[in-house]
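Enquirer: Sharing a structure here in C-alpha cells format.
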Ligand SMILES: [Zn+2]
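Residue numbers (the working numbering): 10 to 331.
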C-alpha cells in the first residue's frame, strides 16, 4: 500500500449533479463550470477522467489516492445557498467513488465563507457519507483561520476527529499583483499563503481550544516550518503574539506536511524538523507544479527505510484510519 495524499479530482457523479444545478455546461472539448458573473471555467480531462487518474496512480506507483476539489474551483463566494449546494454535489459524488473503489479516499469540500453551513455539511459528509477528511483552502474573501466566526466549524471537525487538508488559495494569494510576473503567484505566493494561514491559526489559540484538530499542509507546509524560529521569537517579545499556551514550535507536530517540495535536502530537513511520523507522500496531480515521481524525491533524501515507510503510507493510513 502506498498513499498519495495530494490529488485534485472532480467525480463524474459530481459533474452530473452540478449540471442538474445549472452550474456546469458541456461545450465542445469537455465540461466547464458556469457560475453567475464569471467566465466559464474549463475542467481539463485529467481533473475528471477516472481512467487518467488510474493511469497516473499506476505510473507513480501509488495504490491509494486522496480526492480533493481543485483549488481554483472551491467557489466559496457563490451567491445564496449555491456554495452549499456545490459542496453537497461534490461530496455526494466523491462519496460514491470512495464507496465503489477502496483505493480512493474522499475529502469534503465546504462552503467555507459560511462556517455554520460548513459545520452542518461536514457532519453530513463525514458523519453520514463517510468521507475521510476535509479539503479547504487558506482563506475566504472575508475569513481567516483566526476569525471567531470559524469556531462552529472547528467544533464540528474536532468532534468528528478527521484531518483538515489545507491547500493554498491559488487565485487570491498573498503578495497580490507583486506576484504577477514569472508565475510568482504560485512559486512564492502559494508557500507564503500557507505560512500566513497557519500563523493566523496558531496565534489565535485555535489549537489550544480544539485539541483534536489535525491539519495536513500542502507543499511541505510551504514556508511555515522554516519561519518557526521567528514565530517563536515573536511569541517571546511581542505582547500581541501571546495568545497560544506554548511557543509556536511546540505545535509543529499538530500538523502533517506533504512531500511536494522538489528537493531531497529540503525534504530531509523537514523530516529532521517535524519527524518522519509527520510527513506524507503527495503528487499534486494533475498540475504541472506537481511532483511526477515522489518516490524518487523521497528515496534521494537519504532517509531510513522506516522513515520511507512512514512517509509512503503509514502516516496517511493512520490519518484516514484505514
Ligand atoms: Zn494541489
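The C-beta atom is built at its ideal place from N, Cα and C for all residues, glycine as well.
Note that the structure is predicted; figures quoted are calculated from it, not measured.
Could you tell me the boundaries of the beta strand (DSSP E) in which residue 75 lies?
Expert: Numbered from 1 along the chain shown, position 66 holds the residue referred to as residue 75. Here the beta strand (DSSP E) through residue 75 covers 73-76.
Enquirer: Using the Cβ count rule (16 or more neighbours within 10 Å means buried), how would you classify residue 301?
Expert: Walking along the chain shown from the start, residue 301 turns up at place 292. Burial call: exposed.
Enquirer: Taking C-beta to C-beta, are residue 159 and residue 124 nearer than 8 Å?
Expert: The residue given as residue 159 occupies position 150 in the chain shown. The residue given as residue 124 occupies position 115 in the chain shown. A contact, by the Cβ cut-off of 8 Å.
Enquirer: Got a list of residues with beta-carbon closer than 7 Å to any non-hydrogen atom of ligand 1, in chain order?
Expert: 15, 17, 80, 176, 227, 293, 296
Enquirer: Under a three-way DSSP split, which group does residue 126 fall into?
Expert: Taking the first residue of the chain shown as 1, we reach residue 126 at position 117. Under the three-state reduction of DSSP output, residue 126 falls in the helix class.
Enquirer: Taking the continuous alpha helix (DSSP H) assigned at residue 65, which residues delimit it?
Expert: Against the chain shown, residue 65 aligns to sequence position 56. Counting along the chain, the unbroken alpha helix (DSSP H) around residue 65 starts and ends at 59-69.
Enquirer: Can you tell me where the alpha helix (DSSP H) holding residue 204 begins and where it ends?
Expert: Here residue 204 refers to the residue found at position 195 when the chain shown is read from its first residue. From DSSP, the alpha helix (DSSP H) with residue 204 extends over 199-212.
Enquirer: Is the beta carbon of residue 183 sitting closer than 8 Å to the one on residue 211?
Expert: In the chain shown, residue 183 corresponds to position 174, counting from 1. In the chain shown, residue 211 corresponds to position 202, counting from 1. Residue 211 is positioned such that its CB atom lies no closer than 8 Å to that of residue 183.
Enquirer: Would you say the region 33-48 touches the region 100-118, given that touching needs at least three Cβ pairs under 8 Å?
Expert: no
Enquirer: Name the two residues that bound the continuous alpha helix (DSSP H) containing residue 280.
Expert: Position 271 of the chain shown, counting from 1, holds the residue named residue 280. From DSSP, the alpha helix (DSSP H) with residue 280 extends over 273-283.
Enquirer: For residue 169, which residues of its own chain have a beta-carbon under 8 Å away from its beta-carbon, when the five flanking residues on both sides are left out?
Expert: Walking along the chain shown from the start, residue 169 turns up at place 160. 131, 132, 135, 136.
Enquirer: Between which two residues does the alpha helix (DSSP H) harbouring residue 101 extend?
Expert: Along the chain shown, read from residue 1 onward, the residue named residue 101 stands at position 92. Its alpha helix (DSSP H) spans residues 91-109.
Enquirer: How is residue 244 classed by DSSP in three states: helix, strand or coil?
Expert: The count along the chain shown starts at 1 and reaches residue 244 at position 235. DSSP places residue 244 in helix when its eight states are reduced to three.
Enquirer: For the alpha helix (DSSP H) containing residue 217, list its first residue and its last residue.
Expert: Along the chain shown, one-based indexing puts residue 217 at 208. First-last of the alpha helix (DSSP H) with residue 217: 215-218.
Enquirer: Would you report the Cα separation of residue 316 and residue 304, rounded to the nearest angstrom?
Expert: As a working note, residue 316 is residue 307 in the chain shown. As a working note, residue 304 is residue 295 in the chain shown. Cα-Cα distance, rounded: 12 Å.
Enquirer: Suppose only complete runs of 4+ residues qualify. What are the alpha helix (DSSP H) ranges in the region 140-170, listed by chain order?
Expert: 160-169
Enquirer: Shortest alpha-carbon distance to residue 5 belongs to which of 129, 322, 142, 60?
Expert: Nothing can be reported for residue 5: it is not among the residues displayed for the chain, which extend from 10 to 331.
Enquirer: When you compare each of 112, 157, 85 to residue 145 by their alpha carbons, which one comes out closest?
Expert: For the purposes of this step, residue 145 is taken as residue 136 along the chain shown, with counting starting at 1. For residue 145, the nearest C-alpha among the options comes from 85.
Enquirer: Under 8 Å Cβ to Cβ from residue 152, same chain only, skipping five residues before and after it: list those, please.
Expert: Residue numbering aside, residue 152 sits at position 143 when the chain shown is read from its first letter. Counting only residues of its own chain and dropping the five nearest sequence neighbours on each side, residue 152 has a CB closer than 8 Å to the CB of 121, 122, 124, 158, 159.
Enquirer: Is residue 16 helix, strand or coil when you go by DSSP?
Expert: Start at 1 with the first residue of the chain shown, and residue 16 comes out as number 7. Strand.
Enquirer: Going by beta-carbon coordinates alone, are residue 264 and residue 247 separated by less than 8 Å?
Expert: Taking the chain shown and counting its residues from 1, the one referred to as residue 264 is at position 255. Taking the chain shown and counting its residues from 1, the one referred to as residue 247 is at position 238. The answer is no: Cβ separation not under 8 Å.
Enquirer: In angstroms, rounded to a whole number, what distance separates the CA positions of residue 314 and residue 329?
Expert: Working through the chain shown from its first residue, we reach residue 314 at position 305. Working through the chain shown from its first residue, we reach residue 329 at position 320. Spanning the two alpha carbons is a distance of roughly 22 Å.
Enquirer: Does the distance from the CB of residue 285 to the CB of residue 319 come in under 8 Å?
Expert: If you number the chain shown from 1, residue 285 lands on position 276. If you number the chain shown from 1, residue 319 lands on position 310. Taking 8 Å as the Cβ cut-off, residue 285 and residue 319 qualify as a contacting pair.
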